[in-house]
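Engineer: Quick one: this structure, given as C-alpha cells, is what I'll be asking you about.
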Amino acid sequence: MENTNPVLLEVKNLKKYFPMQRGVFKRVVGHVRSVDGISFFIRQGETLGLVGESGCGKTTTGRLILRAMEPTAGEVFYRYQDQMVELTKVKRPQMKPYRREMQIIFQDPYSSLNPRMTVLDLIAEPLKIHGVSSGDELKTRVRELLELVGMRVQHMNRYPYAFSGGQRQRIGIARALALNPKFIVCDEPVSALDVSIQAQVVNLLRDLQKNFSLTYLFISHDLSVVEHISDRVAVMYLGSIVELAPSEALYAGPRHPYTEALLSAVPSVNPDLGMKRILLPGDVPSPSNPPSGCKFHPRCRYARDICTAQFPEWREVSPDHWVACHLSDELQLAGMAS
Ligand code: SF4
Numbered sequence: 023m024e025n026t027n028p029v030l031l032e033v034k035n036l037k038k039y040f041p042m043q044r045g046v047f048k049r050v051v052g053h054v055r056s057v058d059g060i061s062f063f064i065r066q067g068e069t070l071g072l073v074g075e076s077g078c079g080k081t082t083t084g085r086l087i088l089r090a091m092e093p094t095a096g097e098v099f100y101r102y103q104d105q106m107v108e109l110t111k112v113k114r115p116q117m118k119p120y121r122r123e124m125q126i127i128f129q130d131p132y133s134s135l136n137p138r139m140t141v142l143d144l145i146a147e148p149l150k151i152h153g154v155s156s157g158d159e160l161k162t163r164v165r166e167l168l169e170l171v172g173m174r175v176q177h178m179n180r181y182p183y184a185f186s187g188g189q190r191q192r193i194g195i196a197r198a199l200a201l202n203p204k205f206i207v208c209d210e211p212v213s214a215l216d217v218s219i220q221a222q223v224v225n226l227l228r229d230l231q232k233n234f235s236l237t238y239l240f241i242s243h244d245l246s247v248v249e250h251i252s253d254r255v256a257v258m259y260l261g262s263i264v265e266l267a268p269s270e271a272l273y274a275g276p277r278h279p280y281t282e283a284l285l286s287a288v289p290s291v292n293p294d295l296g297m298k299r300i301l302l303p304g305d306v307p308s309p310s311n312p313p314s315g316c317k318f319h320p321r322c323r324y325a326r327d328i329c330t331a332q333f334p335e336w337r338e339v340s341p342d343h344w345v346a347c348h349l350s351d352e353l354q355l356a357g358m359a360s
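Every number in the numbering used here is 22 more than the matching position in the sequence shown, counting from 1.
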C-alpha cells in the first residue's frame, strides 16, 4: 500500500569529501568523494533500503544524517514537532532533542557494546544521558525494553560476552529504542550474524516498526536482506545514487545496469528463472578520482561513447522509479520478472 504520510527526513545534494593529505606539512593533494551529491526523502513509517558495495558511501550517508560527522555540502531536513528543521544548520549543543528522536543500530554487535558494562547499564545509558528516568523507573524501562526485543529480564545483570551475536544485536536494538525514537539508521544490522539469525532480527525490526510507527534507513550490501524490509530501495555506486524505486518495481525490473548486476548475485532472486550472475570487470574505481561521465562506465557491459562523455541525468522513468543511465529506456535488463 502506498505510503502517503508526510516526509520525515529529506536529504538534498549531500556531499562528504575527505581531504587526502601528504608530507610533513599535510598538504591537501586531493579529496575522497565518499558521498557525492545525493538526494532522497523518507516518509514517516517507511523503510528506505540503501544498498551498494562496501565503500560506496552508504555508512557515511547514515552518519551525516545523524550529524556524527559534518557534510562538505548539502542539507539534511528532519520533521520535528511538525516543522521541517534543517539539521545541518543546528548548532551541535542544540542537537539534543533531535538526537533523542534519531538513533542508530550498528553493524557489529560484538564491538558496538562496551564489554565492561552490564546489559542494564548499556540500555540505561541513553536514558541517563537524556535525563529521562532514574532509580526504579529506569529499571522498569530497561525490563520493558528487554521484553520488547525478546530477551529475558534475568539477562539484565550479565555482560555482553555472555550472549550470542543475535542476542547482542537485540541488546543494541533495545538501546536504540530506549528514548522512543522516530527514526533509526539501521547500519548493516544483520551483516555480522549467521544467516539463520538474520531473518529473526529483520522480523523483529519489522514488528517494532509496525508497533511504534518507526521510520528506517536500512543500510546493507545485501539486496536479499533489503528486499524483505524496504518499501523503497536506493542503489548507491561510488558516492552517487544510481537508482531509486519502490522495492517491488526495482526487483522485478531494474533500470540501471549496476542494479541488474547486484540482483544477479542474489541467489534468492528466483533461481528458476535462470538469471545468470553478471560479473563486473575490474575493481570499484577510486572515489578520489572517479571516472568521467557515468561513474559506472568502466565496468558496464552496455557502455557507449556518450557514457564516458556525459554525466547521466537523474530522471523518473516510471512513477516513483528514478534512474541515472543514458540507456535506461532502451536496455532490457533482467530482474525477477524477466
Ligand atoms: Fe552503463 Fe552508460 Fe548506463 Fe552508465 S550510462 S550505466 S555506462 S549504459
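In this text, a Cβ means the ideal position worked out from N, Cα and C, and glycines have one as well. Computed from a prediction, not measured in an experiment: that's the story for all the values here.
#1: Just jot down, in chain order, the residues whose CB lies closer than 5 Å to any heavy atom of the ligand SF4.
#2: Check whether the Cβ atoms of Ser61 and Thr82 sit closer than 8 Å, and answer yes or no.
#3: Compare the beta carbon distance of Trp344 and Glu265 with 8 Å and say whether it is the shorter of the two.
#4: So what does DSSP say about Cys329, is it helix, strand or coil?
#5: Do Ser252 and Thr26 have their C-beta atoms closer together than 8 Å?
#6: With distance defined between alpha-carbon atoms, name the residue in Tyr132, Leu239, Leu135 and Arg254 nearest to Pro276.
#7: For Ile328, I'd like the list of residues in its chain whose CB is within less than 8 Å of its CB, leaving aside the five on either flank, ordered along the chain.
#8: Straight-line CA distance for Met42 to Pro312?
#9: Which value, in whole angstroms, describes the spacing of the CA atoms of Leu295 and Arg114?
#10: Taking Ser218 as part of the alpha helix (DSSP H), name the residues at either end of that continuous run.
#11: Can the beta-carbon of Ile173 be found closer than 8 Å to that of Ile193?
#12: Can the beta-carbon of Leu245 be found less than 8 Å from the beta-carbon of Lys204?
#13: Measure how close the beta-carbons of Glu270 and Ile241 come, nearest whole angstrom, since I'm counting them as under 8 Å.
#14: Measuring alpha carbon to alpha carbon, tell me which residue in Glu24, Gly59, Asn202 and Val51 is nearest Arg65.
#15: Near Leu88, what residues of its chain come up, given a Cβ to Cβ distance below 7 Å and the 5 sequence neighbours on each side ignored?
#16: Can you tell me the Cβ-Cβ gap for Ile145 and Leu167, rounded? I've got them flagged as a contact below 8 Å.
#17: What is the C-beta distance between Leu226 and Met178, in whole angstroms, given that I count them as a contact (C-beta under 8 Å)?
#18: Have a look at Arg197 and Leu160 and give me their C-alpha separation to the nearest angstrom.
#19: Expressed to the nearest angstrom, what Euclidean distance is found between the alpha-carbon atoms of Phe37 and Ile263?
#20: DSSP beta-bridge partners for Pro268?
Structural biologist: Short version:
#1: Pro279, Cys316, Phe318, His319, Cys322, Tyr324, Ala325, Cys329, Pro334, Cys347, His348 and Leu349
#2: no
#3: yes
#4: helix
#5: no
#6: Arg254
#7: Gly315 and His348
#8: 15 Å
#9: Confidence is the limiting factor: at Leu295 the pLDDT is only 48, short of 50, which leaves the residue's position unreliable and the question unanswerable from this model.
#10: In the DSSP annotation of this structure, the continuous segment of the alpha helix (DSSP H) that includes Ser218 starts and ends at Val217 to Phe234.
#11: A small fix is needed here, since residue 173 is Met in this sequence, not Ile. In contact: Met173 and Ile193 (Cβ atoms closer than 8 Å).
#12: no
#13: No, Glu270 and Ile241 are not in contact; Cβ-Cβ is about 20 Å, not under 8 Å.
#14: Measuring from the Cα of Arg65, the nearest candidate turns out to be Glu24.
#15: Met124, Ile126 and Val207
#16: 6 Å
#17: So it is not a contact: roughly 19 Å between Cβ atoms.
#18: 13 Å
#19: At residue 37 the sequence reads Lys, which differs from the Phe that was named. Rounded to the nearest angstrom, the two C-alpha atoms are 12 Å apart.
#20: Arg254
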